[in-house]
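In this note's numbering, the protein residues as written are 129 to 184. Think of the CB as a built atom: it goes at the ideal place given N, C-alpha and C, for glycine as much as any other residue. One structure below.
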Amino acid sequence: METAKVNNLKPYDYLEYAFEMTRQGNDVTDYLPYSKNVPQNLKMEATKDEESHSQY
């Protein structure tokens, strides 16, 4: 769960996604929290402070 948080993912939603991918027999490396294959809808929304820093 901590890795999901560090990678800006919604922890509960990510865990649900990971369990479903495992159930379907997908390769674990395809859905690790830092994988580029993780759907965008699992990302936490940026706060105003984070948005202002991302412009630099």
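Just the C-alpha distance for residue i and residue j, rounded to the nearest angstrom, thanks.
| i | j | result |
| --- | --- | --- |
| F147 | P167 | 14 Å |
| M129 | L143 | 8 Å |
| L170 | Q152 | 18 Å |
| V134 | N165 | 16 Å |
| T157 | Y145 | 13 Å |
| A174 | N136 | 9 Å |
| K138 | D155 | 21 Å |
| Y162 | M172 | 14 Å |
Are the Cβ atoms of residue i and residue j separated by less than 9 Å?
| i | j | result |
| --- | --- | --- |
| M149 | Y159 | yes |
How would you call residue i, buried or exposed, if buried means at least 16 neighbouring beta carbons within 10 angstroms?
| i | result |
| --- | --- |
| A132 | buried |
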